[in-house]
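Enquirer: What follows is a structure written as structure tokens; I'll ask about it next.
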Amino acid sequence: MLVDSHCHLDRLDLSAHDGSLDAALEAARQRGVGHFLCIGVSADNAADVKALTDRYADVDCSVGVHPLDVQPGAAPALDWLLGELNHPRVVAIGETGLDYHYEPEAADLQQLSFRVHLEAAQQTGKPVVIHTRGARADTLALLREAALPQAGVLHCFTEDWDMAKAALDMGYYISLSGIVTFRNADALRDVARQVPADRLLVETDSPYLAPIPYRGKPNLPQYVREVAEFLAMLRGESYERFAEQTTENFKRLFPLARVR
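Here it is, written out as structure tokens:
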């Protein structure tokens, strides 16, 4: 069984499934995907992702504010975040983190928001789902400062091995998406070969970043199979063992998830 450890089910382009989320999830299940972690990105979609966990037994969610969704001049309130995290099907915090690629001018505000999420992790014990782009040094510095006992995951990882190793040394997991299949991703493939088997997750980040051979099309949870098959081949492992290992890793990192 596979787990899509990071997807945005409330944002999918469902045209390939006649507009039906039921059909999209069933298509993924038919390809061996047994669980989905639907990711919160803002205060506006927190209710939507929680509602999906009530609708589907194989969906859990996170709640948080993506660094590019932080409202100008205002980091999310800790009390709000702790209240949202009190829902039993919210198994993780985020996605949170830093993204200076698009908004370098918002670095201070993004750091403030990131610290709020890390404080929520300290108080609740729930793992964090981290987005990082163009902010390697500050991301690692804030993670070291927080020193979370339960850590979390650097999702859709696109950085180099030095950053991966630094995060792994702090107890974090690395999640890889369809980007690893792209023609120009040789450096990322080098990272993918080196991540310890017990610290690796697989994801789609759908509806974004569809893997080869679907690149340029809307991504769907069913395509996590392509990512997993590619990574198993890259690492010289059987697909079955890779799927089993990454599912075990997901359950270890997200113990509140309802993975059968």
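Count the sequence shown with this note's numbering and you get residues -6 to 253, in order. Just so you know, even glycine gets a beta-carbon here, dropped at the ideal spot from N, CA and C. Just so we're clear, the structure is a prediction, and the values are computed from it rather than from any experiment.
Between residue 96 and the rest of its own chain, which residues show a CB-CB distance below 8 Å, the 5 nearest in sequence each way excluded?
Expert: Within the sequence shown, residue 96 is the residue found at index 103, counting from 1. So the list reads 60, 61, 103, once near-sequence residues are dropped.
Enquirer: Residue 29 lies in the beta strand (DSSP E); which residues open and close that run?
Expert: Within the sequence shown, numbered from 1, the residue matching residue 29 stands at position 36. 26 to 31 is the span of the beta strand (DSSP E), which, as asked, contains residue 29.
Enquirer: Going by the DSSP bridge assignment, what does residue 90 pair with across the sheet?
Expert: One-based indexing of the sequence shown puts residue 90 at position 97. The partner list for residue 90 (beta bridge, DSSP) reads 124.
Enquirer: Under a Cβ-count criterion, where at least 16 other Cβ atoms within 10 Å of its own Cβ denotes burial, should residue 64 be classed as buried or exposed?
Expert: Within the sequence shown, the letter at position 71 stands for residue 64. Counting Cβ neighbours within 10 Å, residue 64 comes out exposed, since fewer than 16 surround it.
Enquirer: Grab me the residues of residue 251's own chain with a C-beta within less than 8 Å of its C-beta, minus the 5 sequence neighbours each way, in chain order.
Expert: For the purposes of this step, residue 251 is taken as the residue at position 258 of the sequence shown. Closer than 8 Å at the Cβ level, and outside the excluded window around residue 251, lie 28, 50, 51, 53, 82.
Enquirer: Would residue 86 and residue 43 qualify as a contact pair, given that the criterion is a beta-carbon distance under 8 Å?
Expert: Within the sequence shown, residue 86 is the residue found at index 93, counting from 1. Within the sequence shown, residue 43 is the residue found at index 50, counting from 1. Cβ distance not < 8 Å, so residue 86 and residue 43 don't count as in contact.
Enquirer: Pairing CB atoms from the region 197 to 205 with CB atoms from the region 232 to 244, are three or more of them under 8 Å?
Expert: no
Enquirer: Under 8 Å: do the region 147 to 157 and the region 122 to 137 share three or more Cβ pairs, one atom per stretch?
Expert: yes
Enquirer: Helix, strand or coil: how does DSSP classify residue 172 here?
Expert: What you label residue 172 is simply residue 179 of the sequence shown in a count that begins at 1. In this structure, DSSP gives residue 172 a helical state, which the three-state scheme calls helix.
Enquirer: Work out the CA separation of residue 156 and residue 140 for me, nearest whole Å.
Expert: The residue you call residue 140 lines up with position 147 of the sequence shown. The residue you call residue 156 lines up with position 163 of the sequence shown. If you draw a straight line from the Cα of residue 140 to the Cα of residue 156, it is about 16 Å long.
Enquirer: Going along the chain, which residues of its own chain have a beta-carbon closer than 7 Å to the beta-carbon of residue 105, five neighbours each way excluded?
Expert: Sequence index remark: in the sequence shown, residue 105 carries index 112 (1-based). If we look at residue 105 and ignore the five residues flanking it on each side, its Cβ neighbours are 68.
Enquirer: In the structure shown, what three-state DSSP assignment does residue 202 receive?
Expert: Translated into the one-based positions of the sequence shown, residue 202 becomes position 209. Residue state, collapsed to three classes: coil.
Enquirer: Can you tell me which of 144, 13, 58, 238 puts its alpha carbon nearest to the alpha carbon of residue 92?
Expert: Your numbering for residue 92 matches position 99 in the sequence shown. Checking every option, the nearest Cα to that of residue 92 belongs to 58.
Enquirer: Here's a check: name, in chain order, each residue in its chain whose Cβ is nearer than 6 Å to the Cβ of residue 190, leaving out the five neighbours to either side.
Expert: By one-based count along the sequence shown, residue 190 stands at place 197. Answer for residue 190: 238, listed in chain order.
Enquirer: So residue 240 and residue -3 are supposed to be a Cβ contact under 8 Å. How far apart are they, rounded?
Expert: As a first step, residue 240 must be located in the sequence shown, where it is residue number 247. As a first step, residue -3 must be located in the sequence shown, where it is residue number 4. With a Cβ gap of about 11 Å, residue 240 and residue -3 do not count as contacting.
Enquirer: Would the region 222 to 235 and the region 29 to 42 be scored as touching if the rule is three or more Cβ pairs under 8 Å?
Expert: No: fewer than three Cβ pairs fall under 8 Å.
Enquirer: Let me know the secondary structure DSSP gives residue 13 once reduced to three states.
Expert: Here residue 13 refers to the residue found at position 20 when the sequence shown is read from its first residue. Three-state result, residue 13: coil.
Enquirer: Within this structure, are the beta carbons of residue 109 and residue 78 separated by less than 8 Å?
Expert: As a first step, residue 109 must be located in the sequence shown, where it is residue number 116. As a first step, residue 78 must be located in the sequence shown, where it is residue number 85. For residue 109 and residue 78, no; Cβs fall outside 8 Å.
Enquirer: Using 8 Å as the threshold, is the C-beta distance between residue 90 and residue 132 below it?
Expert: On the sequence shown, position 97 is the one that residue 90 refers to. On the sequence shown, position 139 is the one that residue 132 refers to. The answer is yes: Cβ separation under 8 Å.
Enquirer: Please determine, among 216, 161, 138, the residue with the shortest C-alpha to C-alpha distance to residue 22.
Expert: In the sequence shown, residue 22 corresponds to position 29, counting from 1. The shortest Cα separation from residue 22 among 216, 161, 138 belongs to 216.
Enquirer: Which term fits residue 142, buried or exposed, when burial requires 16 or more other beta carbons within 10 angstroms of its beta carbon?
Expert: Numbered from 1 along the sequence shown, position 149 holds the residue referred to as residue 142. It counts as exposed.
Enquirer: Mapping DSSP to helix, strand and coil, what is residue -5?
Expert: Position 2 of the sequence shown, counted from the start, is the residue given in the question as residue -5. Strand at residue -5.
Enquirer: DSSP state of residue 250, grouped into three classes?
Expert: Counting from 1 along the sequence shown, the entry for residue 250 is found at position 257. Residue 250: coil per DSSP, three-state reduction.
Enquirer: Use the C-beta contact count for residue 221: other C-beta atoms within 10 angstroms, 16 or more gives buried, fewer gives exposed.
Expert: For this step, residue 221 is matched to residue 228 along the sequence shown. When all chains shown are included, residue 221 counts as buried.
Enquirer: Would a C-beta distance cut-off of 8 Å place residue 185 and residue 135 closer than the cut-off?
Expert: By 1-based counting over the sequence shown, the position of residue 185 is 192. By 1-based counting over the sequence shown, the position of residue 135 is 142. In terms of Cβ geometry, residue 185 and residue 135 do not form a close pair [threshold 8 Å].
Enquirer: Assuming residue 181 contacts residue 173 (C-beta within less than 8 Å), just tell me the rounded distance between them.
Expert: The count along the sequence shown starts at 1 and reaches residue 181 at position 188. The count along the sequence shown starts at 1 and reaches residue 173 at position 180. Contact flag correct, Cβ pair sits at about 5 Å.
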